[in-house]
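Working notes, structure below.
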Amino acid sequence: MTNTISRRDFLKLGAASAGALALGQMLPPRVAQAAREAGHLNAERDGYIPSMCEMCVWRCGLIAKVKDGRVVKLDGNPEHPHSRGNLCPRGQSGLMNTYDPDRVLTPLVRVGKRGEGLFRQASWDEALDIVASNMLKIKEKYGAEAMVFSSTHNLSQVQFENLLYAFGSPNYGTQRSLCFNAMITAFSLTYGVEEPSRKYDDVEFILMVGRNMMEAISTSETSELSHAIDRGAKLVYLDPRYTKTASKASEWIPIRPGTDSAFLLAMISVITTNELADCEFVKKYVVGCDDLPREMSRYTTEWAEKITGIPAATIERIAREYAAAKHNALAHPGWRTSNFINSFQTERAIATLNAISGNVLTPGGCLSAEVAAEGAGLGMPKQPPYPRVSALRLDGVPWKYPLVPLKLGVFQELRDAILTGEPYQSHGWFISRQNPILSLPDRAKTLEAFGKMDFIATVDIIMNDTAWFSDVVLPEASYLERYDPLLPVNGKAFIRQPVIEPQGEAKSALWIYKQLGERLGLGDFFQYEDEEDYIRQQLKPLGVSLEDVKLKGYAEMPAEESDGEITFNTTSGKIEVYSETLKNAGFSPWPTWEEPLMPKEDEFYLLTGKVAQQTQFGTQNNQLLHKYSDEPRLWMNAQTAAKLGLATDDWVEVTSPVGAVHIILLATEAIRPDCVYMTPGYGHLSKGVKTAYGVGASDSALHVTYTDPISGGQALSQTFVTVRKA
Amino acid sequence: MTEIKHHAYLFDATRCIDCRACMVACSVENNIEMDKTRIWVAGLGITGQYPDLQRGTMVYHCMHCEHPDCMSACPVGAYTKAEDGPVTYNPDLCIGCRYCMNACPFGVPHFDYDKGIIEGAFIDKCTFCPQRIYEGQEPACVQTCPTDALEYGDRDELIKIAHERIAAHPDRYIDHVYGEKENGGTSYLILSHVPFSELGLPDLPETPVNEVSEKVMEMTIPFALGWGAVLTAVTAGVALHDNKKKAAANKKAETKK
Chain A
0 MTNTISRRDF
10 LKLGAASAGA
20 LALGQMLPPR
30 VAQAAREAGH
40 LNAERDGYIP
50 SMCEMCVWRC
60 GLIAKVKDGR
70 VVKLDGNPEH
80 PHSRGNLCPR
90 GQSGLMNTYD
100 PDRVLTPLVR
110 VGKRGEGLFR
120 QASWDEALDI
130 VASNMLKIKE
140 KYGAEAMVFS
150 STHNLSQVQF
160 ENLLYAFGSP
170 NYGTQRSLCF
180 NAMITAFSLT
190 YGVEEPSRKY
200 DDVEFILMVG
210 RNMMEAISTS
220 ETSELSHAID
230 RGAKLVYLDP
240 RYTKTASKAS
250 EWIPIRPGTD
260 SAFLLAMISV
270 ITTNELADCE
280 FVKKYVVGCD
290 DLPREMSRYT
300 TEWAEKITGI
310 PAATIERIAR
320 EYAAAKHNAL
330 AHPGWRTSNF
340 INSFQTERAI
350 ATLNAISGNV
360 LTPGGCLSAE
370 VAAEGAGLGM
380 PKQPPYPRVS
390 ALRLDGVPWK
400 YPLVPLKLGV
410 FQELRDAILT
420 GEPYQSHGWF
430 ISRQNPILSL
440 PDRAKTLEAF
450 GKMDFIATVD
460 IIMNDTAWFS
470 DVVLPEASYL
480 ERYDPLLPVN
490 GKAFIRQPVI
500 EPQGEAKSAL
510 WIYKQLGERL
520 GLGDFFQYED
530 EEDYIRQQLK
540 PLGVSLEDVK
550 LKGYAEMPAE
560 ESDGEITFNT
570 TSGKIEVYSE
580 TLKNAGFSPW
590 PTWEEPLMPK
600 EDEFYLLTGK
610 VAQQTQFGTQ
620 NNQLLHKYSD
630 EPRLWMNAQT
640 AAKLGLATDD
650 WVEVTSPVGA
660 VHIILLATEA
670 IRPDCVYMTP
680 GYGHLSKGVK
690 TAYGVGASDS
700 ALHVTYTDPI
710 SGGQALSQTF
720 VTVRKA
Chain B
0 MTEIKHHAYL
10 FDATRCIDCR
20 ACMVACSVEN
30 NIEMDKTRIW
40 VAGLGITGQY
50 PDLQRGTMVY
60 HCMHCEHPDC
70 MSACPVGAYT
80 KAEDGPVTYN
90 PDLCIGCRYC
100 MNACPFGVPH
110 FDYDKGIIEG
120 AFIDKCTFCP
130 QRIYEGQEPA
140 CVQTCPTDAL
150 EYGDRDELIK
160 IAHERIAAHP
170 DRYIDHVYGE
180 KENGGTSYLI
190 LSHVPFSELG
200 LPDLPETPVN
210 EVSEKVMEMT
220 IPFALGWGAV
230 LTAVTAGVAL
240 HDNKKKAAAN
250 KKAETKK
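Protein sequence lines, in the order shown, are assigned to chains A and B. All letters in the first sequence, in the order written, are residues 0 to 725 by numbering that gives the first Met the number 0. All letters in the second sequence, in the order written, are residues 0 to 256 by numbering that gives the first Met the number 0.
This is how it looks when you write it as C-alpha cells:
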C-alpha cells in the first residue's frame, strides 16, 4: 500500500490529511490574519473569501468557504460576469487541486537520470541558485537565445514574459499554436481583433463549427448558449462526432473532417450570389464586397456536396436561414481551431460569414469587436527597456511564417528546431505551467528534444510529466493559496487572492519570477516588494485600496468613452474579406478552398476534443474529476467496429505514423464511420501523479506534426491511424 | 426569490448537458465520499442509429416524496417529512435494517457499510442542503448548474413554471410534469423531451403506495391482538382437548392395570 490517499477515501480528508497538511497549517496564519482583518473570517477562521478560479482559462469568479483555515467549498461568484454564481465541474473540484496528495511542496533537485523520478528536497535558496547559475552559464556560453521559455495562458504570464524579455531570449513556446492560432490569425487579419466576443441576447441562428460548448465549457457562454436554445434560437452544429452540444442542437451535421471550409464557402456563395447579404453594412465596412460574389461563385453547393458529403439542398437551406436571421445570426469563431492545414481558411470563411450578415458592431449584432486588453487601465511596476534581441526565433516567426503574430509563435516548430539544432542549438528550457511532453504533437520527438538540453527547470504545483523529466522543480502555490495580477473584465478589475495558507513551501509565481530575476541580475525588471505591493501598484491609477479589493473581490474601473465611430484595426480600417496583407505574403487574398490530406481506406481520422470534467492535460490527477470523468476510451462507430470484429471494452492498439498506444474501445453510434476519437490529455508518463498515472492513453504520442504555413497552427485532426485488437 | 413555503427542485432534462458539476458540488458541500454520492447523473446513452441520434440525461437524487415510502417502511422512525418539503434521515435512530431501501420506488437510500459500522450512519441520501437553504442559499447542486437544468424554489411555483414551459414549447416537451402527482407527489419535479420511462423513472400511480400499505399497517395492532386472541383460544382449546384425551388415556391405562 502506498502512502497516497485512495480515491474512495479522499473526502475523509478533513481528518485523513492532517499529516500531509500539517506543515502548511503550522506556518504563521498570515492569510487568516489578513482575512480576519478584512472581515472575511470570524475569530474561528471561518468565513467566505472572493477570488478567481484557475481550472481553465475562462477565469470564473468564485467565493471560497473557509473553515478553520481550510477551504471546504467553492461557489461561483454571482458578481463575476464569467460565473454569475455558477461553476463547472472543474471549478467545483478546484479545492482538490490544492489538496492533491501529489502536490510538490518543496523545491526538488534531480538526483537520478532524467525520467527516473529521483529527486532530493532542496531549500528555495539552493534551488533558485541552481536555476539561475545554469541559465547564466548557458547565456554566457551560447547567448541568451540558447534558453527556451515555455508557458501557458495564466494571470502571472505577464511577469513570466517579463523574465523572458529581460533575459533576452526570443524563444518562447506556448500552447497557442496548438490551440487557437488559426482563429486568432484569421480574425486579426480580417477584423484587426484577436477574438471577437459573442452576444447571445438576440441571437436567432447560431452556426457552430466544432465548438463543443456543452463539453468544452466556458461557464457564462455555455449558459448563454443554453438559454438561447431554450428561447428557441436555432443551433446548427458541424462536428464528425455526436457530442453533447450536438444533442442540444436543432441540427447536427456530421461533416467529413477537414471540409468545414468547403461547407462555409458554399454558404457564402449562396448568400452573395443571391444578394441575401446586409448590403448597407457590407458596402460601408467590408473590403472586397464588390468582387465577393464573383470570387465565391465557383463554390457551388453541388461542389461542396461532393467534398463534405452534405447534400447541396441542406447547405443551400442553411445558408438561406442564416441570411434570413440577418444581424441576429452568429457564426461562432470557435476556440481550439488547430484541426487541419486549412483551418485558417475555415476561420476566414467564418469571419466573412459574420461580416456579410452585418452582425459585427451593429446594434443587436451578435459579434462584438470590443476586447479589453489584459491589464489596460491598471498601473504597472516601473522597469527599464528590454535588451535588443537580434537572434532569429527558432519557431520561424517571422522569417519562415511571416503572418503568424509574434506573440502566438509556432511551438511545434520550436521543438523541431531544438532537435535539428538549426539555425542554432538551444541548451536550456525554463517551463512554467506548460507540459510540452503532453501538449506538443509527436511525444517521442519532444522527449528527444528534452535529451538535447543541458538544463531544464519547471514550475508547477504537481509532478506533471515535464517536471518529471526536469532537473529542478519549483513548487508553485495553488490558485487558492496565492495572489496573481488583477484581471479586468467588463469594467471591473478582479482579484485572485489566497484563501488559505500555501502548503509546504509553495510560493506564488510572482515571487518565484522576482527571486529568479534578481539572481539573474535582472532585479530592475521586478520592482515590487511582494505580491501585495505588485497589486497596490496596479491599483494606483484607480485610487482604490488593496483592502477594499480584497473585501469586495474587485475594483470598479472608469468606463471607456466611445465616439460611436466604427473602425477596425486593419490596414484599411475596414473588415478585410479581401486581404492585401495575405496577397503580399503570397497567399490567397480571399477565403479559399485548400484540399486537406485524407486517410487511406483502412485508416481513420484521429479526433480529439474536450470533456466537461478535464482541462487539457492538467486536471487528470484531481481525484474528484478523476472520479466523475468517464473512463477515457477510443470511440469508434459501432458498425465499423462490428466489421472489424471489435466490441466495446476490447483493448485495441492504435497506430499512427509516429507512435502507438493501447486503449479500451467504445463502440458507439455517435461518431462518423471514418473517424475515431480519444479524450486528450491522458496517458501520463510521470509516476509522480499517482491518480492519473496509468489511466487512458496519450494523444500526443500519436499526433503527427503538421504546421499551417499561414497561421502556424498545428493540425491536430490531420493524423490518421489504424486500429487493431491488442 | 419569493418566500418558499414548500422547498422543491425542478429538473429540466432538455437543459442538462451532463457536465456533472452538481455531483462534484454535492460531494464537496456535504463532505461525502465520491463512491457514495447523493446525486448521480445517468448519461442514458445515445439512442438511434447514426446519424439519427438522440441523447437523454437524468439527474437523480432523493425525490423528497410528499408521502415518503422510506418513512412508512422505517420501523424506528428515522425518517421525517418536514412540513416545508425535505425528507430527512436521522442516523441516531437508524438500526440499519434497510427496509427504506426496499421501500423507495426510486432506489434512493444508499447503504454505507463503512460509515454504518464506524459511525452508525447506515444510510446516505440527499438532505436538501439544510445548511444552505435555511441560510438563503440554493442547494449546492442547483446553485452551480451552468444551464439552469436544476432549479430550486417553492413547489407550487415550480409546478406553475413547469407547465408554462411546456405550454410555450409544446413541441419540445412531453406534456407532463413528473412528480406533480406520481406517488402522491414529490418535491423533485421533472420535465423531459423523452418518455419518462427512458429516463429510468418508474410509472407510479397517483395514489401513494404507502397510503395502501399504511392503512394495512395501521391494522397491525388490532389485527395482531385479534389474531392473538384467536390463537390463544385455539391453544386453550387444543390444550383442553389434549387434557381430556390425556385424562381419558390415563383412565384407560388405569383400567388396564
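Even glycine gets a Cβ: it sits at the ideal position worked out from N, Cα and C. Just so we're clear, the structure is a prediction, and the values are computed from it rather than from any experiment.
With 16 other Cβ atoms within 10 Å as the buried cut-off, status of residue i
i: residue 572 of chain A; result: exposed
i: residue 297 of chain A; result: exposed
i: residue 118 of chain B; result: exposed
i: residue 260 of chain A; result: buried
i: residue 48 of chain B; result: exposed
i: residue 112 of chain B; result: exposed
i: residue 63 of chain B; result: buried
i: residue 130 of chain B; result: exposed
i: residue 71 of chain B; result: buried
i: residue 119 of chain A; result: exposed
i: residue 437 of chain A; result: buried
i: residue 143 of chain B; result: buried
i: residue 483 of chain A; result: buried
i: residue 586 of chain A; result: buried
i: residue 293 of chain A; result: exposed
i: residue 2 of chain B; result: exposed
i: residue 222 of chain B; result: exposed
i: residue 110 of chain A; result: exposed
Extent of the continuous beta strand (DSSP E) run through residue i
i: residue 674 of chain A; result: 674-677
i: residue 169 of chain A; result: Per DSSP, residue 169 of chain A belongs to no beta strand (DSSP E) and is neither H nor E.
i: residue 11 of chain B; result: 6-11
i: residue 151 of chain B; result: 149-153
i: residue 726 of chain A; result: Since the first and last residues shown for chain A are 0 and 725, residue 726 of chain A lies out of range.
i: residue 89 of chain A; result: It is not in any beta strand (DSSP E) - residue 89 of chain A instead sits in the alpha helix (DSSP H) that spans 88-91.
i: residue 719 of chain A; result: 719-724
i: residue 172 of chain B; result: Per DSSP, residue 172 of chain B belongs to no beta strand (DSSP E) and is neither H nor E.
Unbroken alpha helix (DSSP H) run spanning residue i, endpoints
i: residue 269 of chain A; result: 259-272
i: residue 650 of chain A; result: Premise fails: residue 650 of chain A lies in the beta strand (DSSP E), 650-655, not in any alpha helix (DSSP H).
i: residue 281 of chain A; result: 278-284
i: residue 624 of chain A; result: 622-627
Beta-bridge partners of residue i, as assigned by DSSP
i: residue 667 of chain A; result: A/636
i: residue 64 of chain A; result: A/47, A/72
i: residue 123 of chain B; result: B/109
i: residue 108 of chain A; result: A/119, A/471
i: residue 661 of chain A; result: A/652
i: residue 703 of chain A; result: Partner(s): none; residue 703 of chain A has no beta bridge.
i: residue 603 of chain A; result: A/720
i: residue 575 of chain A; result: A/286
i: residue 207 of chain A; result: A/236
i: residue 359 of chain A; result: A/366
Three-state class that DSSP yields for residue i in the structure shown
i: residue 135 of chain A; result: helix
i: residue 590 of chain A; result: coil
i: residue 547 of chain A; result: helix
i: residue 533 of chain A; result: helix
i: residue 150 of chain A; result: strand
i: residue 251 of chain A; result: strand
i: residue 349 of chain A; result: helix
i: residue 27 of chain A; result: Unreliable placement is indicated for residue 27 of chain A, whose pLDDT of 39 sits below 50; the coordinate value is still reported in the next sentence. Coil.
i: residue 14 of chain B; result: coil
i: residue 275 of chain A; result: coil
i: residue 709 of chain A; result: coil
(request) Run through the stretch 21-105 of chain B for me and flag every whole alpha helix (DSSP H) of 4 or more residues, listed as ranges in chain order. (result) Correct list: 68-72, 98-102.
(message) Suppose only complete runs of 3+ residues qualify. What are the beta strand (DSSP E) ranges in the stretch 394-452 of chain A, listed by chain order?
(response) Whole beta strand (DSSP E) segments, 3+ residues: 427-431.
(request) Return the chain-ordered ranges of every alpha helix (DSSP H) run that is complete within the stretch 452-531 of chain A and spans a minimum of 4 residues. (result) Listed in chain order, they are 464-467, 508-518.
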